[in-house]
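In our numbering, the protein residues as written are 22 to 90.
One structure is given below, encoded as structure tokens.
Rendered as structure tokens:
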């Protein structure tokens with residue numbers, strides 16, 4: 022992430038005045054598979070947790086929201 026590369030697990034977001042923005046994810050179609058391999062919940066569940074914690078809705082990522090992947 023520090024090098025401007027896409028993230029692998031979808032854990033990085035920016036808090037903006039417009040809401041939560043998920044930073045770009047490498048191979049977003051398979052992010053839930055990578056998360057499951059580490060015992061992490063699906064990305065949709067993580068998004069819901071963030072929205073609840075910060076009281077904001079999530080905006081699509083910079084590369085576009087591709088659903089749960």
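Quick reminder that beta carbons are idealized off the backbone N, C-alpha and C, glycines included.
Practice task
Rank 33, 24 and 26 by C-alpha distance to the C-alpha of residue 71 and give the top, closest one.
Solution key: If we check each option's Cα against that of residue 71, 33 comes out closest.
Practice task
Mind reading off the beta-carbon distance from residue 64 to residue 40? Whole number of angstroms is fine, and I expect it under 8 Å.
Solution key: 16 Å between Cβ atoms; not a contact.
Exercise for the section: Please report the residue range of the alpha helix (DSSP H) in which residue 29 lies. Expected result: Going by DSSP, residue 29 is part of no alpha helix (DSSP H) at all; its letter is neither H nor E.
Handout entry: N-terminal and C-terminal residue of the beta strand (DSSP E) that residue 43 is part of
Key = Following the DSSP letters along the chain, one finds residue 43 inside the beta strand (DSSP E) bounded by residues 40-43.
Practice task
Identify, in the order they occur along the chain, each residue of the same chain with its Cβ nearer than 8 Å to the Cβ of residue 47, setting aside the five sequence neighbours on each side.
Solution key: Excluding sequence positions up to five before and after residue 47, its CB lies within less than 8 Å of the CB of 26, 27, 28 and 29, all in the same chain and listed in chain order.
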